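Undergrad:
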Amino acid sequence: MMSPLIARLLLLVCLALPLYGVEKVRNRGYRKDPDADKFGSCMQGPAGTSGREGNPGTNGIPGTPGIPGRDGLKGEKGECINEIFEEVWRPNYKQCAWNSLNYGIDLGKVADCTFTKLRTDSALRVLFSGSLRLKCKNACCQRWYFTFNGAECTGPLPIESIIYLDQGSPELNSTINIHRTSSVEGLCEGVKAGLVDVAVWVGTCADYPRGDASTGWNSVSRVIIEELPK
Numbered sequence: 026m027m028s029p030l031i032a033r034l035l036l037l038v039c040l041a042l043p044l045y046g047v048e049k050v051r052n053r054g055y056r057k058d059p060d061a062d063k064f065g066s067c068m069q070g071p072a073g074t075s076g077r078e079g080n081p082g083t084n085g086i087p088g089t090p091g092i093p094g095r096d097g098l099k100g101e102k103g104e105c106i107n108e109i110f111e112e113v114w115r116p117n118y119k120q121c122a123w124n125s126l127n128y129g130i131d132l133g134k135v136a137d138c139t140f141t142k143l144r145t146d147s148a149l150r151v152l153f154s155g156s157l158r159l160k161c162k163n164a165c166c167q168r169w170y171f172t173f174n175g176a177e178c179t180g181p182l183p184i185e186s187i188i189y190l191d192q193g194s195p196e197l198n199s200t201i202n203i204h205r206t207s208s209v210e211g212l213c214e215g216v217k218a219g220l221v222d223v224a225v226w227v228g229t230c231a232d233y234p235r236g237d238a239s240t241g242w243n244s245v246s247r248v249i250i251e252e253l254p255k
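Take 26 as the starting number for the sequence shown in my numbering and just add one per residue.
(1) For the candidate residues 91, 117 and 167, whose alpha-carbon lies nearest to that of residue 187?
(2) Please report how far the alpha carbon of residue 223 lies from the alpha carbon of residue 191, in whole angstroms.
(3) Residue range of the beta strand (DSSP E) that residue 133 falls in?
(4) Please state whether DSSP places residue 33 in a helix, a strand or coil.
(5) Quick check: residue 147 and residue 255, are their CB atoms within less than 8 Å of each other?
(6) Go ahead and pull the three-state DSSP assignment for residue 226.
(7) Counting only the same chain and skipping the five closest in sequence on each side, list residues whose C-beta sits under 8 Å from that of residue 226.
(8) Since residue 149 and residue 252 should fall inside the 8 Å C-beta cutoff, what is the C-beta to C-beta distance between them, to a whole number of angstroms?
(9) Could you pull the DSSP bridge partners for residue 307 from this structure?
(10) In chain order, what are the residue ranges of uninterrupted alpha helix (DSSP H) at least 4 long that sit wholly in the segment 65-93?
(11) Compute the Euclidean distance between the alpha carbons of residue 243 and residue 180, then round it to the nearest angstrom.
(12) Quick one, are the C-beta atoms of residue 319 and residue 203 less than 8 Å apart?
(13) Put residue 114 into one of helix, strand or coil per three-state DSSP.
(14) Tell me, which residues are paired with residue 119 by DSSP?
(15) Spell out the partners DSSP gives residue 98 in its beta bridges.
(16) Does residue 242 come out as helix, strand or coil in the three-state DSSP assignment?
(17) Measuring CB to CB, does residue 230 end up less than 8 Å from residue 184?
(18) Distance check for residue 94 and residue 87, CA to CA, integer angstroms please.
(19) Can you name, in chain order, every residue of its own chain whose Cβ lies under 7 Å from the Cβ of residue 165, other than the five neighbours on each side?
(20) Taking residue 245 and residue 142 to be in contact with their CB atoms under 8 Å, please state how far apart those CB atoms are, rounded to whole angstroms.
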């Protein structure tokens, strides 16, 4: 007779054999191919050369105009500045000259010079330069002055020069007979624009008798007129 231990071993072997066959069949259906990892994915090769840039594309369809913007806020009121453009001043002058006037009158016009004044709001500068002389028996005084269109300057005062002699010789043809180059000069305002007759006169001084006057002896005499801006 078989021992109980051997009988138990035989029973376990009989039970285990069918289960081993089934597991083997199952594993055979799911066996992994050893070359699956080798051929199932591609290996990355070296990078290729860069391609050329493509041709520029054509312009797209123009967009529709946008919505007009709103008016901005009203600005502050600006300051009003008046600009004054002044006309460029151009020189305007004239000279009249005489060689040896030798004018021996004691009262009256000695010389004149016409001048065209361009503007009313300007001033005239006048100058007489020449030899003057006075002689007399007793005290005497002579006056040389300018006129403008026959009237002396009033803007602001007359333009004049005087010679006073306190004493002389008993006769007018004495040796006291000095001729000196002198000048009469000044600035006159208020003369209207246009043609102006500028003249030099000789006359007496107030409250003094006249003497024997002489103008422009043996020398050049001149009148210079210049228009100046105020």
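We treat Cβ as the ideally placed atom computed from N, Cα and C, and that holds for glycine. No experiment lies behind these values; they were computed from the predicted model shown.
TA: With the given structure in hand:
(1) 167
(2) 31 Å
(3) 133-142
(4) helix
(5) yes
(6) strand
(7) 133, 134, 135, 169, 170, 171 and 172
(8) 6 Å
(9) This structure does not reach residue 307, given that the chain is present from 26 up to 255, and the question cannot be answered.
(10) none
(11) 34 Å
(12) For the chain, the structure presents residues 26 to 255; residue 319 sits outside this window and is missing.
(13) coil
(14) 250
(15) Answer is none; residue 98 lacks a bridge partner.
(16) coil
(17) no
(18) 20 Å
(19) 159, 190, 233, 234, 235 and 236
(20) So it is not a contact: roughly 26 Å between Cβ atoms.
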